[in-house]
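Peer 1: Residue numbers (this note's numbering), protein chains in the order written: chain A, 1 to 645; chain B, 646 to 906; chain C, 907 to 1226.
Dropping the structure in here first, questions after.
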Ligand SMILES: Cc1cc2nc3c(=O)[nH]c(=O)nc-3n(C[C@H](O)[C@H](O)[C@H](O)COP(=O)(O)OP(=O)(O)OC[C@H]3O[C@@H](n4cnc5c(N)ncnc54)[C@H](O)[C@@H]3O)c2cc1C
Ligand code: SF4
Ligand code: SF4
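In structure tokens, the structure reads:
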């Protein structure tokens, strides 16, 4: 027995050294407070860690991971119990506890553990899904875990057989092994087998324990830690500000320029590939892979050159890859261990834009226009008031007060198709008797585009101007038609001193319907599917209000596409990508449009002017002979409310 | 090589036509809510100079004749790493004609001294007279090539490529020379680095008056007698006719009218 | 106001541009009751047609375009102008002429303005109408000094009426300056046909409604009859019917032609951004509610298949 403890010491020492090595690179990172709000963090850990809420979203992998996860935990507890009972002489392995838990339950979970590993192996070696990373390490881990589990059962069975354990039946798997072994071996032979396999079992376990921290199995500890330290704010608010006063370099191009939490993220990755599997850019054949970004950064981090340049160091970190990100946050949402891929991508983009001044020409054009003209639509012949027409909508002047500022947005006012959406919204507000005004010609871009492309400096400049203007007018409540504007107001202006109450038009309109201020008078005879805008859904967690509007307008629930709500697939237009030309065969929008058309709906409902632009174009290309329309939820509601139309 | 790039600040040429208003009295555009920007061919000229300096070294001085607001185009050029900036203040109330502008720029270039290469946009985005380069060359007694899109240095001589109707001409030239720059896909203006934008506000700008240059205001040689906005028929006129043949004949006539001016 | 001097490069013969230039010169000379002189630079035009219009013709045929130097051309024109002392000097609006005109005005102590859509003499003053502010406004300039030098959109001017008598044609000697500061190394003629879309005067553009690559051949033939360039919407480029470099719009080329004829293009806002600077937009489309018609000066609601070849015939007939 002493030998075992003697061996445990170096094992733990090697393991501890491994962990230390894991953690050491984090210390080069910049500070960030991720220990605030402990209560929320514990809840998060319980949901995402213990209940595995994200892991189980993927059917097959979620299933076997559950088995391995619980098997591992229960076996771990059982081993600890044995330790306490036997070696510390604390008698807890007694009576019913012994029978139900220590024997029966542990046995069953042990079996599930083995089955889980077999299923994982089946997937890895047979199905070989592209999401996985294929390394010898991963294979060896599975093999070792299987050996540990299997030898565990063998020694249990042979113990039961050798000692004729009267309670053997309570360990069903062990009992079966005992029954098979008894006629084959003598009692002595069984004892020898037991003894030698016990050492084999312990040896493998110790070897595994010592080795694990050097492998992706470190996630057993690092993942829960990472979940605990995760971002508690909406994803839409997860970009960090840049300190322009004191930084010499803007954005990130070396590991040392990340925060410690960004570096910790790298080590929490389990290589599961869920992020890349859900990435629209990757799905449409582009070189971007959020998983590879994390893993490549991890490799670089272990190489121990915290100052080495990152951009261009690997394919995933090439600027070509980085410029394909639509900032849809599907990766962040998918990651079971709370890794934030998107903010890192933006950090790297910031460096490209602000420090190297190298980014796609079309994006340069858009930002140049934003800077000079307050909107990114270079060359547009539309003006901010074109959509108003005969509607008689007041412009918020100095000294006036209104209940609500209707923030129309550049894409709403200046792109012809979207003018119908904002017109419908304004007509609904008027019908409901809302006292609202617009800024008209004085409205300027919120700065979202600049921020997502990576020009934080331009973002801050326009954001501060906007905040100042709205505060001087005495605006307190804002309704936006664009989820990007909404996100900026909700999550980004407060930090710059601009706290406004803000709602997306779908939420505000749903309230008006609920309060009886808008009464749909006829149900529209259409089948509708709803496409979740990333910046309303994933970035801000609002999935229901737009569906409610569709439901009210057509008298039935919208048809759901296979990928909807949290798992919705981007239109391809975020992050400045609606301003660049994608290769014809790599359009994100075409993939989403195909899905929407296949849903069989007559109408694809959207809640974002960029989704409108991207999807209308793509639906036209994909719908074939069947006429499929794209409409904003506000237009659909206006159709239902307006008697004349 | 000592390079001077002349820059002009203009009313944003990309404002929608419907936002474009003119002041009939003063016979010029109304500023309205539009921004003032660097005229595009001037920006191409600066880019051409920057690329030349990237390879062959040298010093770039940006020069503008304008109001106090025109300092902005100089700041933007400094953010792109122009070495020096000179603003010749225009305190006249009316906008100057090409000869007046060229006289001032030529005097300033003389004062800057030892300049070998003078780059000017082929024409400005507002009035578009397209004369500044040629006139500066005449006043300074220098040779001039127009519509240049690329400059290189070969054995101390300039290798200059310029656009013509039928293709491109390549010249060898001995500086000093004045070149007017046109756009091509290689001289799209670059964007500045944020750090340089932040630093650009600290750099001093040389400000000269006409007195500093030792010149009197030159009388103009052109007068804008009338300025108007052409009536654009935004209502589409659908061609009419009894038969298809009639309709297409009308269409053809309308097209021919446009083509023949 | 007295005589008028028209100056052009002879390399492409007495072409439409020279016709229009002399036409404008003839009309001005008629109002000022002055003489019409002409000066041809370089070889290629023997002056015979000009001699039936102008009162004098001089040809500087020693000036070689293969060793072209603006300084040399300027010297010739200056000396001719000094000897004739015209009240107005007119050029066409090709690159070489634009380069020379303001410098000539300076040397002669005159005034210059260019890209004239219209030029008239009124009393003592030459008045030039031209667009400014990127076509958003039109200005009438008075040239305050003489000679008044203008380069004009010559092709858009009506041709001159010839007489039956011929003026004398004089050949003048020029000398290249061996110490000239500029020396022409080579002239590269563009491999691809025609001008760049961005510079094209007239554009005919096709969209998804054409349904395939073949109809673009028809558009090309139509374009050739009027010397226009062919472009396309993104939908047509995406379909692979034409190369991506033909795309006009927000993510394609921004063009500024005098005429943009959109055939089977709906007029999505991304497309319209590319043609914001077009002077006249016209469309052929089956759908009278297509957004393009909101941005057109004129249009026809018809199937392009019925219109395109017929239109070609009509335009050919009108032309000649
Ligand atoms: C980010 C982004 C950028 C974009 N950038 C550009 C860009 O730079 N340039 C661009 O063009 N587009 C661009 N688009 C695409 C744009 O939204 C439109 O989808 C595209 O312009 C449509 O092309 P179209 O008008 O040829 O096709 P459609 O919109 O399909 O129109 C076809 C037209 O042909 C007419 N028609 C059909 N048959 C006939 C017939 N027999 N005779 C006459 N008429 C007929 C129809 O009535 C219809 O109006 C962009 C889109 C996005 C999302
Ligand atoms: S944000 Fe979206 S596009 Fe960007 S890496 Fe993540 S999943 Fe891919
Ligand atoms: S980053 Fe997250 S989702 Fe992506 S592979 Fe790693 S653990 Fe999986």
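Even glycine gets a Cβ: it sits at the ideal position worked out from N, Cα and C.
With burial defined as no fewer than 16 other Cβ atoms inside 10 Å of the residue's Cβ, what is the status of residue 91(A): buried or exposed?
Peer 2: Start at 1 with the first residue of the first chain, and residue 91(A) comes out as number 91. Exposed: under 16 other Cβ atoms inside 10 Å.
Peer 1: Beta-carbon of residue 416(A) versus every beta-carbon of chain C: anything under 9 Å?
Peer 2: Start at 1 with the first residue of the first chain, and residue 416(A) comes out as number 416. Chain C, which has a Cβ nearer than 9 Å to the Cβ of residue 416(A), makes this yes.
Peer 1: Per DSSP, which residues does residue 871(B) bridge with? Please list them.
Peer 2: Here the question's residue 871(B) lines up with position 226 in the second chain. Per DSSP, 1046(C).
Peer 1: If contacts are defined as beta-carbon pairs under 8 Å, then residue 1204(C) and residue 884(B) qualify, I think. What distance do you get, rounded to the angstrom?
Peer 2: Within the third chain, residue 1204(C) is the residue found at index 298, counting from 1. Within the second chain, residue 884(B) is the residue found at index 239, counting from 1. Approximately 6 Å separates the beta-carbon atoms of residue 1204(C) and residue 884(B); this is inside 8 Å, confirming the contact.
Peer 1: Taking the C-alpha atoms as reference points, what is the distance between residue 1098(C) and residue 1108(C)?
Peer 2: Position 192 of the third chain, counted from the first residue, corresponds to residue 1098(C). Position 202 of the third chain, counted from the first residue, corresponds to residue 1108(C). Confidence at residue 1098(C) is low in this model, with a pLDDT of 49, below 50, so its placement is unreliable and no value can be given for it.
Peer 1: Restricting to runs no shorter than 4 residues, where is the alpha helix (DSSP H) found entirely within the stretch 44 to 124 of chain A?
Peer 2: 59 to 82, 106 to 122
Peer 1: Select from 1144(C), 1121(C), 1112(C), 1145(C) the residue whose C-alpha is nearest the C-alpha of residue 1138(C).
Peer 2: Translated into the one-based positions of the third chain, residue 1138(C) becomes position 232. Nearest neighbour of residue 1138(C) by Cα position, chosen from 1144(C), 1121(C), 1112(C), 1145(C), turns out to be 1112(C).
Peer 1: Within this structure, are the beta carbons of residue 404(A) and residue 412(A) separated by less than 9 Å?
Peer 2: Start at 1 with the first residue of the first chain, and residue 404(A) comes out as number 404. Start at 1 with the first residue of the first chain, and residue 412(A) comes out as number 412. No, the Cβ-Cβ distance between residue 404(A) and residue 412(A) is not below 9 Å.
Peer 1: Where DSSP assigns a beta bridge to residue 1154(C), which residues make up the other side?
Peer 2: The sequence position of residue 1154(C) within the third chain is 248, counting from 1. DSSP, once it has assigned bridges, lists 1159(C) as partnering residue 1154(C).
Peer 1: Tell me whether residue 327(A) counts as near ligand 1, meaning its Cβ is closer than 8 Å to at least one heavy atom of that ligand.
Peer 2: Locating residue 327(A) in the first chain gives position 327, counting from the first residue. The answer is no for residue 327(A).
Peer 1: Taking residue 395(A) as part of the alpha helix (DSSP H), name the residues at either end of that continuous run.
Peer 2: The residue given as residue 395(A) occupies position 395 in the first chain. From DSSP, residue 395(A) is part of no alpha helix (DSSP H); its letter is neither H nor E.
Peer 1: Answer with buried or exposed for residue 899(B), where buried requires no fewer than 16 other C-beta atoms within 10 angstroms of its C-beta.
Peer 2: Translated into positions along the second chain, residue 899(B) becomes position 254. Buried: at least 16 other Cβ atoms inside 10 Å.
Peer 1: Taking Cβ positions only, does residue 1098(C) come closer than 9 Å to chain A?
Peer 2: Translated into positions along the third chain, residue 1098(C) becomes position 192. Any reading at residue 1098(C) must be qualified, since the residue scores a pLDDT of 49, below 50, and its modelled position is unreliable; the value itself is stated next. Cβ-Cβ to chain A under 9 Å: no for residue 1098(C).
Peer 1: May I ask you to verify whether the stretch 1085 to 1093 of chain C touches the stretch 811 to 820 of chain B, counting CB pairs closer than 8 Å and requiring at least 3?
Peer 2: yes
Peer 1: Is there a Cβ from chain A that is less than 9 Å from the Cβ of residue 934(C)?
Peer 2: Position 28 of the third chain, counting from 1, holds the residue named residue 934(C). By this cut-off, residue 934(C) is not an interface position.
Peer 1: Does the beta carbon of residue 640(A) come closer than 9 Å to any beta carbon on chain C?
Peer 2: As a working mapping, residue 640(A) is identified with position 640 in the first chain. No, residue 640(A) does not count as interfacial toward chain C.
Peer 1: When burial is assigned at 16 or more other CB atoms within 10 Å of the CB, is residue 485(A) buried or exposed?
Peer 2: Against the first chain, residue 485(A) aligns to sequence position 485. Residue 485(A) is buried by the Cβ-count criterion.
Peer 1: Using a Cβ-Cβ distance cut-off of 9 Å, determine whether residue 15(A) contacts chain C.
Peer 2: In the first chain, residue 15(A) corresponds to position 15, counting from 1. Not one chain C Cβ lies under 9 Å of residue 15(A).
Peer 1: For residue 1041(C), which of helix, strand or coil comes out of DSSP?
Peer 2: Taking the first residue of the third chain as 1, we reach residue 1041(C) at position 135. In the three-state reduction of the DSSP assignment, residue 1041(C) falls in the helix class.
Peer 1: Bridge partners for residue 647(B) per DSSP, in chain order?
Peer 2: Walking along the second chain from the start, residue 647(B) turns up at place 2. Looking at the DSSP assignment, residue 647(B) forms a beta bridge with 704(B).
Peer 1: Residue 916(C) versus chain B: which residues are under 7 Å apart at the beta carbon?
Peer 2: Numbered from its first residue, the third chain carries residue 916(C) at position 10. Correct list: empty, because the minimum Cβ distance to chain B is about 14 Å.
Peer 1: Considering only C-alpha positions, which residue in the set 1201(C), 1224(C), 1174(C) is nearest to residue 417(A)?
Peer 2: On the first chain, position 417 is the one that residue 417(A) refers to. Among 1201(C), 1224(C), 1174(C), the Cα nearest to that of residue 417(A) belongs to 1174(C).
Peer 1: Quick one: is residue 781(B) buried, meaning 16 or more other Cβ sit within 10 Å of its Cβ, or exposed?
Peer 2: Taking the first residue of the second chain as 1, we reach residue 781(B) at position 136. So residue 781(B) ends up on the buried side.
Peer 1: If I measure Cβ to Cβ from residue 250(A) and keep anything under 8 Å in the same chain, skipping five residues before and after, which residues do I get?
Peer 2: Numbered from 1 along the first chain, position 250 holds the residue referred to as residue 250(A). Once the five neighbours on either side are set aside, the close Cβ partners of residue 250(A) are 242, 244, 350, 351, 354, 355, 456, 457.
Peer 1: With a threshold of 9 Å between beta carbons, is residue 455(A) in contact with chain B?
Peer 2: The residue you call residue 455(A) lines up with position 455 of the first chain. So yes, residue 455(A) belongs to the interface.
Peer 1: What did DSSP end up calling residue 126(A) once you bin it into helix, strand or coil?
Peer 2: Taking the first residue of the first chain as 1, we reach residue 126(A) at position 126. DSSP places residue 126(A) in helix when its eight states are reduced to three.
Peer 1: What residues from the stretch 771 to 785 of chain B come within 9 Å of chain C, judged by C-beta to C-beta, listed N to C?
Peer 2: 771, 772, 773, 774, 775, 776, 777, 778, 779, 780, 782, 783, 784
Peer 1: Name, please, each residue of chain C whose Cβ falls closer than 8 Å to the Cβ of residue 379(A).
Peer 2: In the first chain, the residue the question calls residue 379(A) occupies position 379. Those are 1156, 1160, 1179, 1180, 1182, listed as they occur along chain C.
Peer 1: Just confirm the distance between the C-beta atoms of residue 161(A) and residue 178(A), as a whole number of angstroms; I'd bet it's less than 8 Å.
Peer 2: Within the first chain, residue 161(A) is the residue found at index 161, counting from 1. Within the first chain, residue 178(A) is the residue found at index 178, counting from 1. With 8 Å as the limit, residue 161(A) and residue 178(A) qualify as a contact, their Cβ atoms being about 4 Å apart.
Peer 1: Does the beta-carbon of residue 1160(C) have 16 or more other beta-carbons within 10 angstroms, so that it is buried, or is it exposed?
Peer 2: Along the third chain, read from residue 1 onward, the residue named residue 1160(C) stands at position 254. So residue 1160(C) counts as buried.
Peer 1: With residue 1042(C) and residue 874(B) assumed to form a contact (beta carbons below 8 Å), what rounded beta-carbon distance in angstroms separates them?
Peer 2: As a first step, residue 1042(C) must be located in the third chain, where it is residue number 136. As a first step, residue 874(B) must be located in the second chain, where it is residue number 229. Their Cβ separation, rounded to whole angstroms, is 7 Å, which keeps residue 1042(C) and residue 874(B) in contact under 8 Å.
Peer 1: With the cut-off set at 9 Å, would you say residue 720(B) and residue 850(B) are in Cβ contact?
Peer 2: Residue numbering aside, residue 720(B) sits at position 75 when the second chain is read from its first letter. Residue numbering aside, residue 850(B) sits at position 205 when the second chain is read from its first letter. It is a contact, given that the beta carbons lie within the stated cut-off.
Peer 1: Give the interface partners of residue 354(A) over in chain B, defined as CB-CB distance under 8 Å, in chain order.
Peer 2: Sequence index remark: in the first chain, residue 354(A) carries index 354 (1-based). Going along chain B in sequence order, the residues near residue 354(A) (Cβ under 8 Å) are 838, 839, 840.
Peer 1: May I ask you to list the residues that DSSP assigns as paired with residue 962(C)?
Peer 2: Mapped onto the third chain, residue 962(C) falls at position 56. According to DSSP, residue 962(C) shares a beta bridge with 943(C).
Peer 1: Roughly how far, in whole angstroms, is the beta-carbon of residue 343(A) from the beta-carbon of residue 539(A), given that I think they are within contact range, below 8 Å?
Peer 2: Reading the first chain from its first residue, position 343 is the one you call residue 343(A). Reading the first chain from its first residue, position 539 is the one you call residue 539(A). Going by Cβ atoms, the distance from residue 343(A) to residue 539(A) rounds to 12 Å, so no, they are not a contact pair.
Peer 1: Using only the heavy atoms of ligand 2, determine whether one of them is closer than 8 Å to the beta carbon of residue 1189(C).
Peer 2: One-based indexing of the third chain puts residue 1189(C) at position 283. Residue 1189(C) Cβ: outside cutoff for every heavy atom of ligand 2.
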